[in-house]
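>
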Amino acid sequence: MADAPITPKGIQTRKRLIAAARRVMARDGYSQMRMADVAVEAGLSLGALYRYFANKEDLFATLVGDIHQDLYSQSVARDVDFAKDPYNALYASNLGYLTLYSENRDVLKVLMEVMTVDAQFLDIWWNMRQRHIRRFLNAMKRHHGNINLDERLAQRQCEAVVSMVEMSAYAWFAQDKLNSETITIDEAAKIATDIWYDTFFKSGTGEVAVMREASR
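Heads up: take any position in the sequence shown, counting from 1, add 26, and you land on my numbering.
Structure, rendered in structure tokens:
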């Protein structure tokens, strides 16, 4: 993989090439996407394209990496205190993640297909998934250390809920044409948040329901 550009012109050219690759992939599919077609779409020479990306796989890995970083950055509650209002903080995080997922459904759909045959993309997906899991568990320890959590169980529960959110997003948005009804991002975020909240904050006394309704 080529080094990331550092000049303003280089950064803009990189963005231009990635945008062109995305359009070509949407038109032709990943398997039929050719570097020459991306260069033509971007209005640049093939040599210019190869100065930034070694091959098609490198180009797609960069596109996916950028999207995953955006997903990670947007799936954090900046205006809600997780320590004081965990339900709405979780909702803000889910809303950010699902909004970005929906906007990038075309690329993320291809990723799910490609990572089954190319270990490079499986590694990219796995590492991003682990980042989300570690961040949540660290936040729980930092802000809700008074909750008696079995760390091993919490790890597995977090893995399960992360999988639920990701695969629900894939089914609802990446495979939207298969659904008999459309789900809004807000509805999806509320469903995901209820599951997150009930998994990690439910006391079994009915108190959780009162807290959740009060925070809405």
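We put the beta carbon where it would ideally sit given N, CA and C, even for glycine.
Is it buried or exposed, residue 222, if we count other Cβ atoms within 10 angstroms and call 16 or more buried?
Taking the first residue of the sequence shown as position 1, residue 222 is located at position 196. Its Cβ being crowded by 16 or more others within 10 Å, residue 222 is buried.
> With distance defined between alpha-carbon atoms, name the residue in 63, 182, 176 nearest to residue 156.
On the sequence shown, position 130 is the one that residue 156 refers to. Among 63, 182, 176, the Cα nearest to that of residue 156 is on 182.
> Would you give the residue range spanned by the alpha helix (DSSP H) that residue 202 belongs to?
Locating residue 202 in the sequence shown gives position 176, where the first residue counts as 1. From DSSP, residue 202 is part of no alpha helix (DSSP H); its letter is neither H nor E.
> Apart from the five residues just before and just after residue 140, which ones in its own chain have a Cβ nearer than 8 Å to its Cβ?
Counting from one through the sequence shown, the residue named residue 140 turns up at place 114. Counting only Cβ-Cβ distances below 8 Å, and skipping sequence neighbours, we find 56, 86, 147.
> Tell me the rounded alpha-carbon separation between residue 217 and residue 66.
To locate residue 217, count along the sequence shown from 1; it is residue 191. To locate residue 66, count along the sequence shown from 1; it is residue 40. Spanning the two alpha carbons is a distance of roughly 43 Å.
> Which of the three DSSP states, helix, strand or coil, is assigned to residue 109?
For the purposes of this step, residue 109 is identified with residue 83 of the sequence shown, where counting begins at 1. Residue 109: coil per DSSP, three-state reduction.
> May I ask you to report which of helix, strand or coil DSSP gives residue 128?
Position 102 of the sequence shown, counted from the start, is the residue given in the question as residue 128. If DSSP states are grouped into helix, strand and coil, residue 128 belongs with the helices.
> Once the 5 residues before and after residue 199 are set aside, which same chain residues still bring their CB inside 7 Å of it?
Numbered from 1 along the sequence shown, position 173 holds the residue referred to as residue 199. Counting only Cβ-Cβ distances below 7 Å, and skipping sequence neighbours, we find 127, 128, 131.
> So, for residue 209: in the same chain, excluding its five sequence neighbours on each side, which residues have a beta-carbon less than 7 Å away from its beta-carbon?
As a first step, residue 209 must be located in the sequence shown, where it is residue number 183. 198.
> If I'm right that residue 89 touches residue 44 with Cβ under 8 Å, what's the distance once you round it to whole angstroms?
Within the sequence shown, the letter at position 63 stands for residue 89. Within the sequence shown, the letter at position 18 stands for residue 44. Indeed they touch by this definition, with Cβ atoms about 5 Å apart.
> In three-state DSSP terms, what is residue 101?
The sequence position of residue 101 within the sequence shown is 75, counting from 1. In this structure, residue 101 counts as coil in the three-state DSSP scheme.
> Is DSSP giving residue 143 helix, strand or coil here?
Taking the first residue of the sequence shown as 1, we reach residue 143 at position 117. Coil, per DSSP.
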